[in-house]
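Line by line, the protein sequences are chains E and B.
In this text, residue positions in the first sequence follow this note's numbering: the first is 77, and each later residue adds one.
In this text, residue positions in the second sequence follow this note's numbering: the first is 77, and each later residue adds one.
Each residue gets a CB set at the ideal place from its N, CA and C atoms; glycine is no exception.
Quick notes on the structure that follows.
There are 2 protein chains.
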Amino acid sequence: MVCHSFEAVMMMPITMDKLAKQSGYSKATVSRALNDDPRVKKATRQLIKDLAAKYNYRPHAVASNLARRQTRIIGLLIPRAPRTVADPFFLEFLHGVNGTLFNSGYSLLVPQVSPDHEQQAIEQLIHEHRVDGLILTEPRIKDDRIAALQQESIPYVFLGSTVEPDVFWVDGANEAGAYAATHHLVELGHRQIAVITGEPGLISTKNRMNGYRRALKEVGVEQERHWTIQSDYTREGALEAVCRWLDSRDSQGITAIFSCNDTMAIGALQALKRRQRRVPEDIALVGFDGIEAASYVDPTLTTVQQPIFKLGRTVGSQLLQLLRGEVPAEQQMILPLELVVRDSSVPRKINANEG
Amino acid sequence: MVCHSFEAVMMMPITMDKLAKQSGYSKATVSRALNDDPRVKKATRQLIKDLAAKYNYRPHAVASNLARRQTRIIGLLIPRAPRTVADPFFLEFLHGVNGTLFNSGYSLLVPQVSPDHEQQAIEQLIHEHRVDGLILTEPRIKDDRIAALQQESIPYVFLGSTVEPDVFWVDGANEAGAYAATHHLVELGHRQIAVITGEPGLISTKNRMNGYRRALKEVGVEQERHWTIQSDYTREGALEAVCRWLDSRDSQGITAIFSCNDTMAIGALQALKRRQRRVPEDIALVGFDGIEAASYVDPTLTTVQQPIFKLGRTVGSQLLQLLRGEVPAEQQMILPLELVVRDSSVPRKINANEG
DNA sequence: CTGAAAGCGCTAACAA
DNA sequence: TTGTTAGCGCTTTCAG
Numbered sequence: 077m078v079c080h081s082f083e084a085v086m087m088m089p090i091t092m093d094k095l096a097k098q099s100g101y102s103k104a105t106v107s108r109a110l111n112d113d114p115r116v117k118k119a120t121r122q123l124i125k126d127l128a129a130k131y132n133y134r135p136h137a138v139a140s141n142l143a144r145r146q147t148r149i150i151g152l153l154i155p156r157a158p159r160t161v162a163d164p165f166f167l168e169f170l171h172g173v174n175g176t177l178f179n180s181g182y183s184l185l186v187p188q189v190s191p192d193h194e195q196q197a198i199e200q201l202i203h204e205h206r207v208d209g210l211i212l213t214e215p216r217i218k219d220d221r222i223a224a225l226q227q228e229s230i231p232y233v234f235l236g237s238t239v240e241p242d243v244f245w246v247d248g249a250n251e252a253g254a255y256a257a258t259h260h261l262v263e264l265g266h267r268q269i270a271v272i273t274g275e276p277g278l279i280s281t282k283n284r285m286n287g288y289r290r291a292l293k294e295v296g297v298e299q300e301r302h303w304t305i306q307s308d309y310t311r312e313g314a315l316e317a318v319c320r321w322l323d324s325r326d327s328q329g330i331t332a333i334f335s336c337n338d339t340m341a342i343g344a345l346q347a348l349k350r351r352q353r354r355v356p357e358d359i360a361l362v363g364f365d366g367i368e369a370a371s372y373v374d375p376t377l378t379t380v381q382q383p384i385f386k387l388g389r390t391v392g393s394q395l396l397q398l399l400r401g402e403v404p405a406e407q408q409m410i411l412p413l414e415l416v417v418r419d420s421s422v423p424r425k426i427n428a429n430e431g
Numbered sequence: 077m078v079c080h081s082f083e084a085v086m087m088m089p090i091t092m093d094k095l096a097k098q099s100g101y102s103k104a105t106v107s108r109a110l111n112d113d114p115r116v117k118k119a120t121r122q123l124i125k126d127l128a129a130k131y132n133y134r135p136h137a138v139a140s141n142l143a144r145r146q147t148r149i150i151g152l153l154i155p156r157a158p159r160t161v162a163d164p165f166f167l168e169f170l171h172g173v174n175g176t177l178f179n180s181g182y183s184l185l186v187p188q189v190s191p192d193h194e195q196q197a198i199e200q201l202i203h204e205h206r207v208d209g210l211i212l213t214e215p216r217i218k219d220d221r222i223a224a225l226q227q228e229s230i231p232y233v234f235l236g237s238t239v240e241p242d243v244f245w246v247d248g249a250n251e252a253g254a255y256a257a258t259h260h261l262v263e264l265g266h267r268q269i270a271v272i273t274g275e276p277g278l279i280s281t282k283n284r285m286n287g288y289r290r291a292l293k294e295v296g297v298e299q300e301r302h303w304t305i306q307s308d309y310t311r312e313g314a315l316e317a318v319c320r321w322l323d324s325r326d327s328q329g330i331t332a333i334f335s336c337n338d339t340m341a342i343g344a345l346q347a348l349k350r351r352q353r354r355v356p357e358d359i360a361l362v363g364f365d366g367i368e369a370a371s372y373v374d375p376t377l378t379t380v381q382q383p384i385f386k387l388g389r390t391v392g393s394q395l396l397q398l399l400r401g402e403v404p405a406e407q408q409m410i411l412p413l414e415l416v417v418r419d420s421s422v423p424r425k426i427n428a429n430e431g
C-alpha cells in the first residue's frame, strides 16, 4: 500500500495474468491483442478486448515500461535562477511542448535544477533511465552540456540554435528579429539606440545583439559602449539596471531602447515611469518575444513576436520523431518572427492600434 | 534501442547484478547497502558504495519502481479550457508544488485533459499506475471527481476547499479576502459596486461572491442583479464582457468594480481604457490573487494577495505526508490573504505606492 | 549480517 | 495464429 491512511479494502486491480486465465488464451496473446498486433485473429482480439473492458483492465504502466525499456517521460530543462518556470515565455513554450507530447502518451518531467548541478542532473536523469528524451533550452556559446549529451544514447532537442553542428534544434529568427526591431527604430528617426542585454554567454543574446548592431551599422552608426545596459532577462533586473542607467550620464542623448526580451522591457517601462520619462515621446522602447503581457501593459509594447507556442509544438514533434527512430526532415529549424508595432515606439495618435 | 539514429556503440550502463558479482556480495546485500539499510555492516556498505561510485552505477528507476510498486510521479490537474497552464496563477502554483515534490524525488505530470474527459483521465492515471498521488484544483460545488476518487486507494489533495468533508485541501481565505476587497471600496465611499464573476459552479467563485455580498450588506446595500458581470476567469472573456457591460445601461451609476481574479481585472482595465473611463477616478477596480502583472499594469492594480507560491508548497507537503503514510496535523488548511492597495482604487496623489 | 529465490506485471524471442 | 519461456533490474521475504 502506498499509504496507510488509504489502505481501503478494494479489489486488487486486475492484471494481464488473470485476463489470460479468464479468456483461455496465453499472456502473450492477450498482450498482442491489446497492443493491436496484426498477428492475432480479429475475433480473438475482439474477445480479449471485450473481456478487458468488462473487467476494466488497465495495463500497468511501470511494468510495461520496464519490459519495453522505456519510460514515456521527457525531461524539460528550463533556465536556471534567477529565472523560473514562472517566466511567461517558458510557460507558453511548456504548454506547446506538453500538448504535443501528451497526445503521444508522453509526460513531461520538469526538474528544478539548481544552478550548479545542471550537468549532474542531466546525467542522473539519463543514467537512472528516468527519461526517454530531453528538451534543453538556452544553448550557450560554450556549452558543456552538449559534449556530455553526445556521450549518451538518448535523443534530445534544443530550443535555440547551437554552435555545435549535428545537434537538433528549433529556434526563432533571432538575428533577423532584432534587426527588424532596431531597424524599425531607425526608420522612426532614432540613431542613439541603447540596448538591454540578456545573460551574456547565451547564443540567443548574441544573435539578438548582432541583429541590433547590424541595423545600426547599416545607417553608419557604431554602437557605443555606454549604450549597453547589462541585465539578466528578468523584469526586476532590468528595472534596477535601467533606473541606474537613467541616473547616470550614460543615458544622455539616448532616444530609444531595444530590449532583448519583453520581460525586461516591462521592467524598463516601470523604470522610465519612475524617472518620469514618457514613452515613446522621450524614449521609445521595443521588446522581444511577444509574451501576452506586452499587449496589455501601458503603453502597449512594440515587440518581435515569436511563435512561442509553435516553438514548443515543433520542438516536441522533432523529439517525437527521434523517439520513433525516424530521421526528421530537417535537423535545424528556424521559425520566422514578426514585428508587432504598438504604442511604445509610435505615439498613439499615429499608431492605429487599440489599447 | 530507443532510437536508431542514436544507437551509438556505448558500454551498457552497469546493473546491480554486475555490481554484486564485482563486489563478491549478493544482489540483496548490494541493494540494501545502496538503500542504507542498517542491517548491512558499515564496512560492507562503504565497500559497495565505493564500488558503485567507481563504476558510476545508477539504479534503474523503472525497475526499482516496479519492485516497489510506486512511480514517484504526482499528477497535477489544472483547469480546463479556456484557461490553460499559461494562467499566471497556476504557473506560480505549479512552481511551488514542483519545488517541494522534486526535492523529495517526485516529478510532476501535467496532463492536458480535454474538458469532457477529466473524470476518465483521472481514472486512467490511477489504474494504469502512472501516478502515486494527485493534486486537483478548483473544486466545484457539485464535484463528481471526489466521489470517484474516494473509490480509489490513492492520496490526493485539493487546491481549494470542498463541500465534502474528509477531503484534504489547502485554500486561501477567499470569503474574507473578497470581503476585505469590497470593504476597502466601501470605505472609499463607493456603494454601487459591480462584480466580475468567475466560472459559476466553482467553490472559489461562490466564496468570493459571498465575501463581496457581506461587505455590501454590512452597510445596508443589497446587490442588484445588473451589478454582476458574468465572465470566466480569463482576460479575454472579461475584456469582452466588460466592454459589453459598459455599453449597456447596466453600468449606469456604478463607481467601482470588484473582480474575482486579477487576470479578469486586467481585461477590465483594457475595457475601461477603450471606453475612455479613468481608473480609479471614474471607476475604481480591485482584483484578486496577486499575480505579478498586477504590480506593473497601469494603473497598478489593487488586489487581494494570495500566497500563491506557498499554496503550492503547502499542497505539495500535505501530499508528501500522505504518501509517507503519515497523517497530516490538519486535514484542511486556510492560508490568510492580504489586501494590497495600489493605484486602481486610490488616486495616485493619495496613494503612496510607487509605479 | 548476508544469501537464495521468488516475484513486480508486462513484452518479445523462438517455437509450434 | 498462438503458446512457451525467458527475461527487464530491482526489492524483499525467508533462511541461515
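Cβ-Cβ separation, ALA332/E to ILE305/E (assumed contact under 8 Å), whole Å: With a Cβ gap of about 12 Å, ILE305/E and ALA332/E do not count as contacting.
Looking at the unbroken beta strand (DSSP E) that takes in GLU414/E, where does it start and where does it end? Run containing GLU414/E: 414-416, per the beta strand (DSSP E) assignment.
Excluding sequence positions up to five away, which residues of its chain have a Cβ less than 7 Å from the Cβ of VAL297/B? ARG267
Please name the residue in SER280/B, LEU415/B, LEU387/B whose C-alpha comes closest to that of HIS259/B. LEU415/B
For GLU251/B, verify whether its CB is less than 8 Å away from any heavy atom of the ligand SAM. Inclusion of the ligand SAM in the displayed structure is not the case, the ligand content being empty and no account of it being possible.
Boundaries (first-last residue) of the alpha helix (DSSP H) holding GLU287/B: A small correction: the amino acid at residue 287/B is Gly; Glu does not occupy that position in the sequence shown. Taken as a continuous stretch (DSSP letters only), the alpha helix (DSSP H) holding GLY287/B covers 279-294.
Any beta carbon from chain B within less than 9 Å of THR238/E's own beta carbon? no
My output table needs one value for ASP308/B: the three-state DSSP class, helix, strand or coil. coil
Measuring CB to CB, does ILE272/E end up less than 9 Å from CYS319/E? Judged by beta-carbon spacing, CYS319/E lies beyond the 9 Å limit of ILE272/E, meaning their Cβ atoms are not closer than that value.
Of the residues SER420/B, VAL403/B, GLY363/B, which one's Cα is nearest the Cα of LYS349/B? SER420/B
To the nearest angstrom, how far is it from the Cα of THR339/E to the Cα of LEU292/E? A direct Cα-Cα distance of roughly 23 Å separates THR339/E from LEU292/E.
Chain E contact for PHE178/B (CB, 9 Å cutoff): yes
For the beta strand (DSSP E) containing GLN408/E, list its first residue and its last residue. From DSSP, the beta strand (DSSP E) with GLN408/E extends over 408-411.
Per-residue DSSP class, three states only, for GLY265/E: coil
For TYR372/E, three-class secondary structure by DSSP: coil
Quick one: what does DSSP say LEU377/E is sitting in, helix, strand or coil? coil
For a minimum of 4 consecutive residues, which ranges assigned as the alpha helix (DSSP H) are wholly contained in the segment 297-365 of chain B? 311-323, 338-350
Provide the residue span of the alpha helix (DSSP H) that contains ILE230/E, from first to last. That residue, ILE230/E, is in no alpha helix (DSSP H); it is neither H nor E in DSSP.
To the nearest angstrom, how far is it from the Cα of LYS117/E to the Cα of TYR133/B? Approximately 44 Å, taken between the alpha carbons.
Can you find the residues in the same chain that come closer than 8 Å, C-beta to C-beta, to LEU322/B, ignoring five residues on each side of it along the sequence? The residues are ALA347, LEU348, ARG351, ARG353.
In its own chain, which residues sit with a C-beta less than 7 Å from the C-beta of ARG108/E, not counting the 5 before and 5 after it? ARG115, VAL116
Partner residues on chain B for ALA109/E, Cβ-Cβ distance less than 7 Å: Those do not exist, as ALA109/E stays about 17 Å from chain B at its closest Cβ, beyond 7 Å.
Identified DSSP bridge partners for ALA270/E: ILE333/E
Going straight from the alpha carbon of VAL239/E to that of SER307/E, what length do you get? 23 Å
So the candidates are VAL262/E, LYS125/E, GLY363/E; which of them puts its Cα closest to the Cα of ASP112/E? LYS125/E
Pick from PHE169/B, ASN250/B, ILE330/B that is closest to THR160/E, judged by C-alpha positions: Restricting attention to PHE169/B, ASN250/B, ILE330/B, the CA atom closest to the CA of THR160/E is found in PHE169/B.
GLY248/B - DSSP class collapsed to helix/strand/coil: strand
Under the three-state reduction of DSSP, which class applies to GLU430/E: helix, strand or coil? Confidence is the limiting factor: at GLU430/E the pLDDT is only 46, short of 50, which leaves the residue's position unreliable, though a coordinate-based value still follows. Note: GLU430/E maps to coil in three-state DSSP.
With 8 Å as the C-beta to C-beta threshold (strictly closer), list the residues of the segment 190-208 of chain B near chain E in chain order. Residues passing the 8 Å Cβ filter: GLN200, HIS203, GLU204, HIS205, ARG206, ASP208.
Is VAL138/E close to chain B? Criterion is C-beta to C-beta, closer than 9 Å. yes
What's the call for HIS205/E, buried or exposed, on a 16-neighbour Cβ count within 10 Å? buried
Should VAL186/E be flagged as near chain B, meaning a C-beta pair shorter than 9 Å? yes
According to a CB-to-CB cut-off of less than 8 Å, which residues of the segment 145-179 of chain E neighbour chain B? ARG145, GLN146, THR147, ILE149, THR160, VAL161, ALA162, PRO164, LEU167, GLU168, LEU170, HIS171, ASN174, GLY175, PHE178, ASN179
According to DSSP, is THR258/B part of a helix, a strand, or is it coil? helix
Paired residues, beta bridge with THR213/E - DSSP: Secondary-structure assignment with DSSP links THR213/E through a beta bridge to LEU235/E.
How big is the Cα-Cα spacing for ARG121/E and MET92/E? 14 Å
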